[in-house]
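Going by this note's numbering, the first residue of the sequence shown is number -15, and it counts up by one from there.
Have a look at the structure below, then the notes.
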Amino acid sequence: MLNLTRQMIEIRSLLLNVDGSHTLKLPSIVVIGSQSSGKSSVLESIVGQEFLPKGSNMVTRRPIELTLINSPEQASEIAEFPALKMYNLTDFQTVQKVLFDLNMAVPLNEAISNDPIQLTIKSPRVPDLSLVDLPGYIQIEAADQPTELKTKIRELCNRYLENPNIILAISAADVDLANSSALRAAKQADPKGERTIGVITKLDLVTPERAKEILTNKKYPLRMGYVGVITKSPSQTSLFRRKTGIQAYVAQQNYEFSYFKEHKSQFDGTSVGTRLLKKKLMKVLEKSMGESLRPMYLNVQQELEETAYQFKVEFNDRSLTPETYLASCVDILKGSVKEFSERFGRPELRSLLKSELDQRVLDLLAQRYWNRPGSLELTNLDELSASNSQDVYWHRKLDLAYNSLTKLGIGRLSTGLITDSIMSEISNLISGTPLRNHPLMCDVIQECALNVLNSKFYSTADQVENCIKPYKYEIEIEDREWSKSRTHSVQLLKEELRHCDGEFNALKNHIGGRKLNQIIQYLETGDKSKDVESINFSPQLIEHGKHGVFLKNRAALIKMRLTGINSSACKFKENKYKCPEIFMDVVSEKLTTTAVLFLNVELLSDFYYNFPRELDMKLSSLTRDQVEQFAKEDTKVRRHVELQQRKELLELVQNKIEDVLSLQKYKNGK
Ligand code: GDP
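Here is the structure:
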């Protein structure tokens, strides 16, 4: 079998995905009928399942584009809502519910929406057909609709009723045809009655003689004629023992078949039965689609030329798919991570950790040594330099500071420090790639980096802690190490002093040198019994002054500490109790060197190795839709991808039409 209709329906469905083109439409069968004309029953008896939402309160608010695909291999009907990505639905109550919800999502005051619902039903019992169930024929009749809504409904219907679509106008036999709103609308859209098939339902409600009269009427002649049907068997309409699903379908088919068989002679010369209606629809659709195919081919060709030209002009024919775009973004990121790995290795790790420990040492010493309030601090230092090497008080002080440093939790501290700096570098690197325009992907990448780092966090922290363990009990110092730390401590304090002086100068510039001196003098020596206003200093100036006093004292203390370190006593490691800053620096140097050995291998190198792999794994688990959604977040990429997709789709359609045209030629030539 050549199965032309099937292929044309496929082309029709492909064309539905070519957006922005209203000229690319293959014909479909548009079903219209007023309320209770039996429209739903006709559609359901074609499908063999009850699937349309029922209810009088305007349940059809959107057109339903129904594609029927004959699938002999299928055991029973399955439904799909491609736009909702709902596939393989076998429960038709669910289908009914989805249709109901989709319709109800259109507010009642808007009456209808132009956005069609696409529903595909595959079944061994359906013919290959494409039908549109149109909303609104009920409402046009309803007198209480505001005029603009009526116009809106009419415009939508008219668009669907246009050539080359075929109109299936449904009227009930028990209502005078002169009152059929379906025939009236069909006549308007198709005055010569060339594209309309009349369907007369409920033939069982009138006598066979009357039925024949209607079916052969000359008052409303239609070139494709009328088909009479009985789409409900008494068992379906009966309130008791009501049949549903396939049973209802079989009952209806049997009832209809025996009814027409019983009245065979009366219906002689007429077309009756849903089976015949299906056949007729297939034939008419195939013919109509066949006729539309060549003009459609020319339209597609024209669209394709236009799209191909735009693609050339805008994107120089450069192919880009969401997948290649994602891959290129990730490659750029991987490249930057590689560069980063060359910039950030063991020496950088070392200086990062050492400067953190320098700060910790300064804080610990401040707590233990320079913690007396105000100028008393200075006396503290004097006492220290005057102490003798057996002085237990100073021994204990240094031991406590040393203990605090080695028991700081260097393992976690250093691992956390490195993790944080890698994470912040990763977000810097991302911002240098096109990925910065994709917030969701940035999150995915950061999560990926964090996973790699976290998977090693605890084991690295433990290893580091184990390795520095010996230093918690004893430290052996060489002369070379002592002198190196002495130089470093001097540098560190000089740096501190520079900061302190800088801040003091900024304060001076801010409120004026003379004024600052006056306030400081007042704060240090002045008569505090005088209230602040009487000496003309605002509370804010007093605050500045207090800060000035603090900075002045701090600078004096740093200078004293520098004098201490530079003293001849501090040249020798044996005097470590007099030179806590140098001793603590030696300890922090040793801790840093040992920790960095492990951090470099366990955390940093591991990250550089595993991060790109983890990233690949994560990204390969994304669905096609997710990748497409990602790529289209960037407007330029979206345009590029969409234009390319459009071009490819049109090429595909063009090829398919060519195939069908040659099949047609072959068929006609036979
Ligand atoms: P719609 O409002 O046009 O979709 O019409 P329905 O298909 O819902 O049918 C309206 C009423 O007519 C329902 O109660 C059906 O059971 C009944 N009906 C539909 N077709 C037939 C038929 O062929 N014979 C009889 N006796 N009743 C039918």
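For each residue, glycine too, the CB sits at the ideal point set by N, CA and C.
Query	Result
Tell me the rounded alpha-carbon separation between L657 and T104.	Coverage of the chain is limited to positions -15 through 654, which leaves residue 657 absent and any answer about it impossible.
Name the one or two DSSP bridge partners that A63 has.	L73 and I105
Using a 10 Å radius around the Cβ and a threshold of 16 neighbouring Cβ atoms, would you call R656 buried or exposed?	In the structure displayed, the chain extends from -15 to 654; residue 656 sits before or after that span and is not available.
Using only the heavy atoms of ligand 1, determine whether one of them is closer than 7 Å to the beta carbon of G17.	yes
Using DSSP with H/G/I as helix, E/B as strand and the rest coil, what is L113?	strand
With distances taken between CB atoms, is the gap from R686 to L384 smaller than 8 Å?	Nothing in the structure corresponds to residue 686, since the chain is present only between -15 and 654.
Could you tell me whether the Cβ atoms of S107 and S60 are closer together than 8 Å?	yes
Helix, strand or coil: how does DSSP classify E573 here?	helix
Just the C-alpha distance for E64 and T51, rounded to the nearest angstrom, thanks.	10 Å
Could you give the residue range of the beta strand (DSSP E) that holds L50?	I48 to N54
Which value, in whole angstroms, describes the spacing of the CA atoms of D83 and K440?	Residue identity check: residue 83 is Leu in the sequence provided, not Asp. Spanning the two alpha carbons is a distance of roughly 51 Å.
When burial is assigned at 16 or more other CB atoms within 10 Å of the CB, is A166 buried or exposed?	buried
Taking 7 Å as the line, does the beta carbon of S21 fall inside it for any heavy atom of ligand 1?	yes
Enumerate in chain order the residues of its own chain whose CB-to-CB distance from P100 is below 8 Å, with the five nearest sequence positions on each side excluded.	R46, P47, I48, E49 and V116
Please confirm whether K216 has its beta-carbon closer than 8 Å to some beta-carbon of chain C.	As a matter of chain content, chain C is missing from the structure shown, which is built from one protein chain.
With respect to the alpha helix (DSSP H) encompassing S388, which residues constitute its N-terminal and C-terminal limits?	V376 to T390
Are K602 and V436 closer than 8 Å when you measure CB to CB?	no
Classify Y457 as helix, strand or coil using the three-state DSSP reduction.	coil
According to DSSP, I150 sits in a beta bridge with which residue or residues?	I13
Looking only at DSSP bridge pairs, what is V256 linked to?	G212
Compare the Cα-Cα distances from Q430 to each of R143, R622 and I406 and report the closest residue.	I406
DSSP has A156 in a bridge; who is on the other side?	T185
Below 8 Å CB to CB, which residues in the same chain sit around K499 once its five sequence neighbours on both sides are set aside?	L525
Please report how far the alpha carbon of Q530 lies from the alpha carbon of L575, in whole angstroms.	The amino acid occupying residue 530 in the given sequence is Lys; Gln does not appear at that position. Computed Cα separation, rounded: 38 Å.
Restricting to runs no shorter than 4 residues, where is the alpha helix (DSSP H) found entirely within the stretch 230 to 301?	258 to 299
CB-CB under 8 Å to L336, same chain, minus the five flanking residues each way: which ones, in chain order?	L401, I402 and S405
So is the beta-carbon of K216 under 7 Å away from any non-hydrogen atom of ligand 1?	yes
Using only CA atoms, which one of D75, I154, L413 and N147 lies nearest to K9?	N147
From which residue to which residue does the alpha helix (DSSP H) around F649 run?	Looking at the sequence itself, residue 649 is Lys, so the reference to Phe does not match. K649 -> alpha helix (DSSP H) spans T619 to G653.
Which residues bound the alpha helix (DSSP H) around T399?	I394 to S415
Could you tell me whether the Cβ atoms of V26 and T215 are closer together than 8 Å?	yes
Check whether the stretch 150 to 168 touches the stretch 179 to 186, counting contact only when three or more Cβ pairs, one atom from each stretch, lie closer than 8 Å.	yes
According to the neighbour-count rule (16 or more other Cβ atoms, all chains shown, within 10 Å of its Cβ), is E586 buried or exposed?	buried
Measuring straight from C-alpha to C-alpha, what distance separates E361 and W354?	Note that E361 has pLDDT 47, beneath the 50 cutoff, so the model's placement of it is unreliable and the number below is only indicative. When rounded, the distance between both Cα atoms is 5 Å.
Distance, Cα to Cα, F202 vs N142?	Residue identity check: residue 202 is Lys in the sequence provided, not Phe. Cα-Cα distance, rounded: 25 Å.
Work out the CA separation of L627 and F251 for me, nearest whole Å.	56 Å
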